[in-house]
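Numbering (this note's numbering), first residue to last: 2 to 174. Here's the structure, in structure tokens; my notes come after.
Next up, the structure:
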């Protein structure tokens, strides 16, 4: 259980709009022993301290996230930040290796060839636009999941799950 509470594997969710995707990623983060999750920008969050969102928005987001998280919203440490540069600066100070998970990005490498590191942060982005080039440029590497079918991408929650499990293996071995 020590790995489950260890901050060495971190997930950063940027501008993901679906509360159900957020809940699914929190549940997967729990299963992978992710130490913490950063919810960034437009990403919905459960109720948070000093929450200034309208009450109906808080209630709807909390309920939708809980529906797919199945309690992981309470077992995984998560933090909300309005902007990504603050999160990146925090992770850099803590000596994290930052991996952007993005398909079809020039210079990206296979997820399965990621360099091992003791502190890894996986950054995933919007369902429709993914991560922008500036974000990828701030990372140590841009990783992609090799696609073998006709479609060129996966649902962000599915991709995050594959990424977390692959990086967990990289970090542990």
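Heads up, the beta-carbon is just placed ideally off N, CA and C, and yes, glycines get one too. Keep in mind it's a predicted model, so treat the numbers as computed, not measured.
- DSSP places residue 80 within a strand segment (E or B) once states are collapsed to three.
- For residue 145, the three-state secondary structure derived from DSSP is strand.
- Here DSSP, grouped into helix, strand and coil, assigns residue 97 to coil.
- The C-alpha of residue 91 is placed about 23 Å away from the C-alpha of residue 162.
- Remark: C-beta atoms of residue 132 and residue 15 approach each other more closely than 8 Å.
- For residue 112, there is no enclosing beta strand (DSSP E), as DSSP marks it with neither H nor E.
- Excluding residues up to 5 positions away in sequence, 40, 46, 49 lie with their Cβ nearer than 6 Å to the Cβ of residue 81 in the same chain.
- Here residue 71 has 28 as same chain residues with Cβ atoms under 7 Å from its own Cβ, once five neighbours each way along the sequence are excluded.
- Around the beta carbon of residue 87, fewer than 16 other beta carbons sit within 10 angstroms, so the residue counts as exposed.
- In this structure residue 30 is in contact with residue 12, their Cβ atoms being roughly 5 Å apart against a cut-off of 8 Å.
- Here residue 91 carries a helix assignment [DSSP, helix/strand/coil].
- Rounded to the nearest whole angstrom, the C-alpha separation of residue 101 and residue 128 is 14 Å.
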